[in-house]
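Numbering (the numbering used here), first residue to last: 3 to 425. For each residue, glycine too, the CB sits at the ideal point set by N, CA and C. The block underneath contains the structure these notes are about, expressed in structure tokens.
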């Protein structure tokens with residue numbers, strides 16, 4: 003056993019004894035090899051001892067012809083010290099005139115059953131006949147002729163829907179074999195088509211309509227029949243009931259509106275979060291600037307809101323600050339008000355900011371400025387990353403219009419070039 007297999011076994015079975023693994027592997031490999039060799043030998047013996055059967059080549063290099071049709075043979079011809087593959091067709095033997103007459107008789111008799119289709123016999127033909135064009139088992143080809151193509155056409159279709167009484171039609175079949183031919187005639191009895199009660203009623207209705215049309219052919223109008231076989235006929239225009247379609251469209255519209263509102267809500271939520279993230283560095287830097295100038299947390303809050311009201315713009319973060327200020331004015335503790343401000347903003351950055359504020363209120367202002375400066379640096383870093391992501395998204399969105407512009411440029415260049423070629 004080579005070293006590579008030993009290493010593989012050790013990695014595959016690290017908890018087992020390496021020697022035992024190697025012995026088991028060798029035994030299994032030897033067993034499978036012996037079984038494969040035995041199976042190969044048995045299969046070879048079966049092929050060697052099987053009965054050979056008779057080959058196609060007989061005594062004096064004679065090959066039996068097929069009874070009918072063609073046999074395609076593949077043989078090997080050894081000549082001049084080399085072996086060449088030969089592929090050829092061997093046709094059936096040619097019959098004598100007497101044998102051909104016998105074939106014609108057998109084929110003609112069998113045709114009576116072969117052409118019936120769904121009909122019980124040629125004495126009662128109602129449905130289409132199957133006029134076959136060849137009998138491969140006899141090497142015979144057939145050409146059909148109908149004595150009345152209005153009733154039985156050349157393809158065997160039976161036109162008996164307008165037929166009112168039984169009629170006889172002569173079908174002629176000309177059979178060809180080699181250089182001989184014979185013609186046989188079959189008498190076919192065609193019956194009127196067996197209409198169902200519903201089909202017969204519809205047929206009579208159309209006949210009545212045709213009569214009414216002929217009676218009023220010279221007038222500017224056509225009067226519809228009022229009755230059929232003693233029963234009154236009430237005519238009305240066919241109208242398409244679109245109630246179901248309208249209902250389905252309404253259901254689709256309801257779901258579309260429902261989904262659109264949900265989509266708009268998700269879009270609004272995303273826009274709010276993006277705006278809060280964008281405003282966070284500026285909001286934090288202004289807060290640090292005011293608190294660093296000696297203002298209290300609440301004083302800085304009030305000053306930022308005062309400047310916001312003067313600007314006349316609407317931003318989510320300052321709207322949330324106004325809500326917080328309203329809570330403070332009605333007596334809510336600052337600690338709880340700032341915590342709810344962070345929860346409403348629902349972003350990690352604002353939660354970190356409110357955590358710093360609440361720690362300041364609980365433990366005093368020591369260290370708050372340093373924490374806010376660290377938070378500010380992280381916020382500006384996140385702002386840069388966000389701007390980079392926005393740029394990448396914008397670049398991706400521009401791929402489609404840029405592709406369209408490229409196609410237009412190709413058209414503007416290639417069309418005049420092709421048009422300038424001489425025809």
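Minimum C-alpha distance to residue i - residue among the options
i           : options               : result
residue 145 : 157, 151, 153 and 152 : 157
residue 328 : 212, 318 and 307      : 307
residue 278 : 287, 320 and 386      : 320
residue 285 : 272, 310, 269 and 273 : 310
residue 354 : 376, 365, 409 and 257 : 376
residue 137 : 409, 123, 125 and 114 : 114
residue 181 : 222, 200, 246 and 99  : 99
residue 335 : 350, 314, 351 and 364 : 364
residue 97  : 209, 87 and 71        : 71
residue 287 : 404, 373, 402 and 270 : 373
Residues of its chain near residue i, where Cβ-Cβ distance is below 8 angstroms and the 5 sequence neighbours each way are ignored
i           : result
residue 224 : 214, 215 and 218
residue 416 : none
residue 292 : 301, 302, 305 and 306
residue 234 : 228
residue 274 : 318
residue 413 : none
In DSSP terms, what residue i is bridged to
i           : result
residue 145 : 176
residue 182 : 179
residue 136 : 143
residue 154 : 160
residue 229 : 234
residue 78  : 87
residue 190 : 171
residue 123 : 126
residue 335 : Residue 335 is not bridged to any residue.
residue 211 : None, per the DSSP bridge assignment.
residue 92  : 73
Beta-carbon proximity check, residue i vs residue j, cutoff 7 angstroms
i           : j           : result
residue 134 : residue 116 : yes
residue 130 : residue 168 : no
residue 207 : residue 230 : yes
residue 193 : residue 128 : yes
residue 118 : residue 140 : no
residue 343 : residue 357 : no
residue 283 : residue 381 : yes
residue 378 : residue 290 : yes
residue 163 : residue 195 : yes
residue 67  : residue 44  : no
residue 173 : residue 188 : yes
Residues near residue i by beta carbon distance below 7 angstroms, same chain, minus five either side
i           : result
residue 47  : none
residue 425 : Note that residue 425 scores a pLDDT of 46, beneath 50, so its modelled location is shaky; the value from the coordinates is reported in the next line. Contacts found: none.
residue 427 : Nothing can be reported for residue 427, as the shown portion of the chain is limited to 3 through 425.
residue 69  : 94
residue 171 : 148, 149, 150, 153, 154, 190 and 192
residue 303 : 323 and 327
residue 125 : 191
Sequence-distant residues of its chain with Cβ nearer than 6 angstroms to residue i (five each side left out)
i           : result
residue 369 : none
residue 411 : none
residue 86  : 79
Could you check whether the segment 138-155 touches the segment 79-88, counting it as contact only if at least three pairs of C-beta atoms, one from each stretch, sit closer than 8 angstroms? no
Are the segment 168-183 and the segment 106-123 in contact at 8 angstroms, needing three or more beta carbon pairs? yes
Looking at C-beta atoms only, is the number of pairs between the segment 297-312 and the segment 379-389 that lie closer than 8 angstroms three or more? Of all C-beta pairs linking the segment 297-312 to the segment 379-389, fewer than three are shorter than 8 angstroms, placing the two stretches out of contact.
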